[in-house]
Structure formats: C-alpha cells, structure tokens
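Reading through the structure tokens given below for one structure.
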Amino acid sequence: MANATATLHYLDIGSLGRGEVVRLFLKDAGIDFKDVRYKYDDTWPATSKKLQQDGISLTGKVPALEYKGAIHVPTLRFLARDLGSYDGETSLEKYEVDHVADLYIDWRAEWVAQLSAKTDKYKNETVPEFYRLVAAHYAKNNGPYLLGSRITYADFAVFQAIDNDAKIGTLPAELPEAIVKFKAAFEARPRIAAYLKEREQK
C-alpha cells in the first residue's frame, strides 16, 4: 500500500457522514493523514467561504482531501484506483463494486434528511429495502466482503451506512445474515479495530 501523507477536511460531527467513510478507508490503507475538522454551527458559512478562497474546496463543501500535491473531492473510487487496490479486478467486478457504492449514495441522500426529522417511511421502508438489496449482492460471493475475501471501497461505504443508521436509531433490529457476517469481518480488520477502539474512547 502507498504511504502518502494526506489532509482530510470535514465537519466536526463525530463519526457521522462521508468524512468518516474516508477516514476508515485511509486508516485501513495505512495512509497517514491530518484530520482537519470544522465546527458546524453559525461560523460554518464563513469557514466554507474561506475554504473556497484558499482553494481547498471549489464549492465550499466538504469532505475535501489534499493528496499527492492536489486537492480532490475524496471519492473512494479515486483512492482505490490510485492505490491499485480496494476495487474489482475485472470489468464485471468493478461494475458490482460501483453498483453497491451507488446504492449507498442513494441511501445517504435519504439518511441525511433524517437528521432534521426522522420519518416512519425511512425507518420502515427505505432502510430495510437498502439492506435487503445490499445483502443480495454480498451473498453472491459468500462474503464476508462484497467480492468474497477481498475488501473493496464499497465495503467502507456499507459499513458507514450500518454505523450511521445505528447512531440515529434507524437500524433494523435484525440485519440480513450476509450483512451481519460482513460487519463482524470489517470490524475485525486490525487497523479498523484499532481505530474504532480509539474512536470509542474519545
């Protein structure tokens, strides 16, 4: 794995959101990074404007990642392909990984809306359907990861979905077996386990 130094810019909202997906990925990949977090309060509009002025974020939105001398909106697809790992090896495998990542993106749009007002529709319809669809993909290769024994960038997004649903109280009482198996394997990865333990102690 590459051991490049990076700087991650994100909101100071604990382990919620897309920034945490990138943190998990960087930790597992062994990439050393500086974690810059910004308060998400009435100072955020001014901070957002400064990020634009400083060239850190063209839109003023985060996450943004300074990596290898350039600034990127840190898509896991980019990081995986730059590292030559955490992705499918064939076109079909890459499609499968991208497809599950896109399911996460659709889930996330619905999840963000729940932060201001939780709805029964999200908890009782959207969430169960999301995990049902994802589990169907995981079951294809008998897990524990999406592509069987090889972890991919989509696995980080799926774990974050599970974690974030748990944090806002919308995770189903019972998850599909393939998802339970995946979660246990993901949390047992040495660097992830160490990071999660460190996170709990904060």
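For the sequence shown, the positions run 139 to 340 when this note's numbering is used. Backbone N, C-alpha and C define an ideal beta-carbon position, used for all residues, glycine too.
Beta carbon of residue i, beta carbon of residue j: below 7 Å?
i, j, result
"residue 320", "residue 276", "yes"
"residue 278", "residue 308", "no"
"residue 290", "residue 242", "no"
"residue 206", "residue 329", "no"
"residue 295", "residue 239", "yes"
Can you check which of these residues, the options, is closest to residue i by C-alpha distance?
i, options, result
"residue 168", "143, 185, 195, 207", "143"
"residue 338", "273, 185, 152", "152"
"residue 175", "191, 165, 199, 193", "199"
"residue 172", "147, 255, 340", "147"
"residue 230", "284, 195, 214", "284"
"residue 327", "312, 311, 293", "293"
Measuring straight from C-alpha to C-alpha, what distance separates residue i and residue j?
i, j, result
"residue 306", "residue 317", "19 Å"
"residue 314", "residue 332", "26 Å"
"residue 286", "residue 187", "43 Å"
"residue 226", "residue 191", "37 Å"
"residue 197", "residue 185", "12 Å"
"residue 268", "residue 257", "16 Å"
"residue 159", "residue 298", "6 Å"
"residue 271", "residue 334", "26 Å"
"residue 274", "residue 219", "25 Å"
"residue 154", "residue 340", "14 Å"
"residue 203", "residue 145", "6 Å"
"residue 214", "residue 311", "29 Å"
Which stretch, first to last residue, makes up the alpha helix (DSSP H) that contains residue i?
i, result
"residue 269", "265 to 278"
"residue 185", "182 to 191"
"residue 333", "328 to 338"
"residue 87", "The first residue shown for the chain is 139 and the last is 340, placing residue 87 beyond what the model contains."
"residue 292", "291 to 305"
"residue 214", "214 to 221"
"residue 312", "No alpha helix (DSSP H) holds residue 312; DSSP gives it neither H nor E."
Could you spell out where the beta strand (DSSP E) holding residue i opens and where it closes?
i, result
"residue 357", "Residue 357 is absent from the structure shown; the chain starts at 139 and stops at 340."
"residue 162", "Run containing residue 162: none in the beta strand (DSSP E); it sits in the alpha helix (DSSP H), 156 to 167."
Can you find a CB in chain B that lies within less than 7 Å of the CB of residue i?
i, result
"residue 217", "As a matter of chain content, chain B is missing from the structure shown, which is built from one protein chain."
The ligand MN and residue i: does any heavy atom of the ligand fall closer than 6 Å to the residue's C-beta?
i, result
"residue 307", "As presented, the structure is devoid of all ligands, the ligand MN included, so that no description of it is given."
(request) Give a yes or no on contact between the stretch 299 to 313 and the stretch 245 to 253, applying the rule of three or more CB pairs nearer than 8 Å. (result) Contact holds: three or more Cβ-Cβ distances are below 8 Å.
(request) Specify whether the stretch 160 to 180 and the stretch 228 to 241 touch according to this definition: at least 3 beta carbon pairs, one from each stretch, less than 8 Å apart. (result) The stretch 160 to 180 is not in contact with the stretch 228 to 241.
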